[in-house]
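Participant:
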Amino acid sequence: MIMITELDKKLIRFLQDDLPITSRPFTAIAQELDITEEEVLARIEKYLEEGSMRRFGVALRHREVGFTANGMGCWDVPEERAEEVGKIMATFPDVSHCYQRPRFEGWPYSHFTMLHGQTREDCEAVAKRISEATGITNYRLLFSTAELKKTSMRYFMEEK
Amino acid sequence: MRLDELDRQILNIVQYSFPVAAEPYKALAEQVGSTEEEIMSRLKKLKEDGAIRRIGGIFDSRKLGYKSSLCAMKVPVEKLQEAEEIINAYPGVTHNYLREHEYNMWFTLISPSEEAMEATLEEMREKSGCEIRNLPAVRFFKIKVDFKLTDNK
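Chains A and B, in that order, give the protein sequences. Just so you know, the first sequence maps onto residues 1 to 160 in this note's numbering. Just so you know, the second sequence maps onto residues 1 to 153 in this note's numbering.
(1) Compute the Euclidean distance between the alpha carbons of residue 47(A) and residue 61(B), then round it to the nearest angstrom.
(2) When the cut-off is 8 Å and only beta carbons count, does residue 58(A) lie next to chain B?
(3) What is the DSSP secondary structure of residue 153(B), counted as helix, strand or coil?
(4) For residue 100(A), which of helix, strand or coil comes out of DSSP?
(5) With H, G and I counted as helix, E and B as strand and the rest as coil, what does DSSP make of residue 51(B)?
(6) Just to confirm my understanding: we take residue 98(A), look at its own chain, exclude 5 residues before and 5 after, and list those with CB closer than 8 Å. What are they?
(7) Determine whether the beta carbon atoms of residue 59(B) and residue 16(A) lie at a separation below 8 Å.
(8) Using a Cβ-Cβ cutoff of less than 7 Å, which residues in the same chain neighbour residue 74(A) once the five nearest sequence positions on both sides are dropped?
(9) Quick check on residue 130(B): does DSSP put it in helix, strand or coil?
(10) Since residue 56(A) contacts residue 18(B) with CB under 8 Å, what's their CB separation in whole angstroms?
(11) Nearest by alpha-carbon distance to residue 134(A): which of 58(A), 54(A), 84(A) and 30(A) is it?
(12) Please state whether the Cβ-Cβ distance between residue 149(A) and residue 104(B) is less than 8 Å.
(13) Does the count of Cβ pairs from the segment 70–87 of chain B and the segment 122–131 of chain B closer than 8 Å reach three?
(14) Please specify which runs of the alpha helix (DSSP H), each continuous and at least 4 residues long, are wholly inside the segment 6–93 of chain B, giving them in chain order.
(15) For the beta strand (DSSP E) containing residue 71(A), list its first residue and its last residue.
(16) Alpha carbon to alpha carbon, how far is residue 152(B) from residue 44(A)?
(17) Is the distance from the Cβ of residue 138(B) to the Cβ of residue 78(A) below 8 Å?
(18) If you count every other CB in all the chains shown that lies within 10 Å of the CB of residue 2(B), and 16 or more means buried, which is it?
(19) Would you kindly report the start and end of the unbroken beta strand (DSSP E) that includes residue 109(B)?
(20) I'd like the list of long-range same chain contacts for residue 19(A), defined as Cβ closer than 6 Å, with 5 residues on each side in sequence excluded.
(21) What's the gap between the Cα of residue 107(A) and the Cα of residue 49(A)?
(22) Output, in sequence order along the chain, the residues in the segment 23–54 of chain B whose CB is closer than 8 Å to any CB in chain A.
(23) I'd like to confirm the pairing. Which residues does DSSP put opposite residue 24(A) in its beta bridges?
(24) Is any beta-carbon of chain A found at less than 8 Å from that of residue 153(B)?
(25) With 16 as the cutoff for other CB atoms within 10 Å, does residue 83(B) come out buried or exposed?
(26) So, helix, strand or coil for residue 148(A), using DSSP?
(27) Taking DSSP's pairing of strands, which residues face residue 59(A) in a bridge?
(28) Hey, how far is the Cα of residue 127(A) from the Cα of residue 57(B)?
(29) Considering Cα atoms alone, identify which of 24(B), 23(B), 20(B) and 33(B) is closest to residue 5(B).
(30) Please state the DSSP three-state secondary structure of residue 33(A).
(31) What first and last residue would you give for the alpha helix (DSSP H) that runs through residue 14(A)?
(32) Mind checking the segment 111–142 of chain B against chain A and listing, in chain order, the residues whose C-beta falls within less than 8 Å of any C-beta there?
(33) Below 8 Å on the Cβ atoms is my guess for residue 98(B) versus residue 69(A); work out the distance and round it to an integer in Å.
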């Protein structure tokens, strides 16, 4: 478990905001927290190293840059093959997210792969390749018809 | 939206290796053989045009002690707008999509604890009158949103 101090929480609140596009964008954060700019940068590096920050950089609106099709692949994978099949699915570069989730009544699918492409056909072609590579033939692709919300989570706000 | 070669080059770098440096835009300029001013004005434009949502840290909710889940909701067509308003009002709902299925609304929910998540879902069910399935991951295989921008995109 990662130790998160009060200073970390304050810094994380700033880092989940939008970094200004100015020559020295980290100085304002450093001043607010009464630490040095080097300390801010060192802590970002530490978060990246320990993985509490997955990445630092730009969050794109993928629809705006041409990835308009978003298909959620849902796969019925036998439990004894769950680990092996999940690992194969994760190797596909067009798969951005891959998880195993619980099944429920009327829903036989256990594995979820998020596929992004320029067209529906792109996504369908990837799904077909995944099916061939894994031997999982009971699957379906749920395409999104509307994006209702897409934001970044704001952590440690309830303690503010 | 039209992106030229330099836009694509910049976006491909800043998605994954934004320079964690005192003068990041200057460092970027050096990488692509441009000027700090040019980089800053391009990024501002890309933000204005909506290609860039935000520049900042993208955190791992689990490592920060939060719980996350994917939720599937069955919403009658006539109640879609009402349900959207109810669900989207929660700050822990970060993504919400309509999809072609009987379970037609799929959203992700991030909560500080298991208890908080259950309480939020119960409240959502009461307010909407709709069935919501909570599908927290039992195994994680991949989380990597890397949109490689090439010529034809």
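Note that the Cβ used here is the ideal one computed from N, Cα and C, for glycine as well. If you're wondering where the values come from, they're calculated on a predicted model, not measured in any experiment.
Facilitator: Taking the geometry as given:
(1) 13 Å
(2) yes
(3) Below a pLDDT of 50, predicted positions are generally treated as unreliable, and residue 153(B), at 41, falls in that range; the measurement from the model is reported next regardless. Coil at residue 153(B), not helix or strand.
(4) strand
(5) coil
(6) 86, 89, 90, 111, 112, 113 and 114
(7) yes
(8) 109, 112, 139, 140 and 142
(9) coil
(10) 5 Å
(11) 84(A)
(12) no
(13) yes
(14) 24–32, 36–48 and 80–88
(15) 69–75
(16) Low confidence applies here, because residue 152(B) scores a pLDDT of 49, under 50, leaving its location unreliable; read the following figure in that light. C-alpha separation (whole angstroms): 34 Å.
(17) no
(18) exposed
(19) 105–111
(20) 25
(21) 38 Å
(22) 23, 24, 25, 26, 36, 40, 43, 44, 47, 49, 50, 51, 52, 53 and 54
(23) Partner(s): none; residue 24(A) has no beta bridge.
(24) With a pLDDT of only 41 at residue 153(B), under 50, the local geometry of the prediction cannot be trusted, and no value is derived from it.
(25) buried
(26) strand
(27) 54(B)
(28) 31 Å
(29) 33(B)
(30) helix
(31) 6–15
(32) 112, 133, 135, 136, 137, 138, 139, 140, 141 and 142
(33) No, residue 98(B) and residue 69(A) are not in contact; Cβ-Cβ is about 14 Å, not under 8 Å.
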